[in-house]
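This report refers to the structure that appears directly beneath it.
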Amino acid sequence: MPNRLKGKVTIVTGAASGIGQGTALLFAKEGASVVGVDVNQEALAGTVATAKADGFEIDAVSYDLTSEAGASALMDYVAQKYGGIDTLVTAAGFVEFASVPDMTLAQWHKTLKGELDIVFLPVRAVWPHMIKRGGGSIVNFASISAWGATRNMGAIAHSTGKGGVLSMTRQMAYEGAPHGIRANSVSPGIIHTPAAQFAFDNLPGFEASMKANTMIGRHGKPEDVAWAIVYLVSDEASWVTGTDIKVDGGLTAW
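Start counting at 1 in the sequence shown, then tack on 155, and there's your number in our numbering.
Right under this line is the structure:
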């Protein structure tokens with residue numbers, strides 16, 4: 156069913172690469188007015204070019220979403236240009252991987268900034284715009300690391316940050332419900348992105364281990380997660396809030 160998101164004004168953060176890019180492109184194909192956000196302007200231009208080659212448009216902008224001013228400026232820009240905001244997908248993030256004894260306090264703070272602040276600040280900034288709109292839909296990025304220990308690598312801050320996203324999203328759903336704001340999250344498994352490829356190249360045995368433990372027997376593609384997000388922000392999911400969808404090929408179901 157094409158054009159499932161027709162007429163929806165959508166912001167996708169982290170749209171320059173990976174799942175954020177895949178989500179922005181799929182949303183554009185499904186008829187949404189997409190504003191793609193990323194600090195990597197060169198890579199973001201590639202997302203715009205890909206969309207254009209397929210006959211779609213993405214409005215590319217760059218804001219620092221770890222700052223209050225940047226998050227607020229983004230929402231004001233979109234609301235003024237498009238008349239309102241229907242959907243926010245917070246795919247942007249950054250992380251430092253290290254084990255408990257090896258992680259520095261600076262790495263810890265950086266990761267929580269890149270996994271919690273970068274979600275909370277845009278959501279807080281979009282909140283009044285969605286209330287004014289009469290409602291909206293928010294999708295945050297958790298991870299399978301929020302549901303269990305991360306094997307084969309140190310990930311203490313990452314697991315903490317993504318667990319926080321799960322709890323934060325449930326609270327957002329509760330506080331948003333009276334205003335017609337729905338909030339959900341997705342927990343991707345091992346998705347073939349540049350970040351995952353870096354891990355494959357630098358952690359011996361990691362790729363083979365993850366594939367062997369995935370029921371479907373392959374790594375995910377950005378579009379696999381993007382389709383779940385399309386559902387969550389669509390009108391078909393109007394009674395879905397406060398939940399998390401695992402898109403992991405069965406990795407956590409053993």
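Every residue, glycine too, gets a C-beta built ideally from N, C-alpha and C.
Going by the DSSP bridge assignment, what does A190 pair with across the sheet? Here the sequence assigns Val to residue 190, which means Ala is not the residue at that position. Per DSSP, I166 and D214.
Any idea if G269 is buried or exposed, counting beta-carbon neighbours within 10 angstroms, 16 or more meaning buried? buried
Within the continuous alpha helix (DSSP H) that includes P359, where are the two ends? Careful: P359 lies outside any alpha helix (DSSP H) and carries neither H nor E.
K401 to I299 span [Cα, whole Å]: 7 Å
Collapsed DSSP secondary structure at I371 in the structure displayed: coil
Could you please give the first and the last residue of the uninterrupted alpha helix (DSSP H) stretch that includes G331? I311 to G331
Using the Cβ count rule (16 or more neighbours within 10 Å means buried), how would you classify L181? buried
Need the endpoints of the alpha helix (DSSP H) that D379 sits in, please. P377 to V388
Using DSSP with H/G/I as helix, E/B as strand and the rest coil, what is G225? helix
Can you check which of these residues, G173, K161 and R159, is closest to K376 by C-alpha distance? G173
Grab the span of the beta strand (DSSP E) containing T245 for me, first residue to last. T242 to T245
Using 8 Å as the Cβ pair cut-off and three pairs as the minimum, do the stretch 257 to 271 and the stretch 359 to 375 touch? no
Is the beta carbon of E185 sitting closer than 8 Å to the one on L160? yes
What's the gap between the Cα of V190 and the Cα of K236? 11 Å
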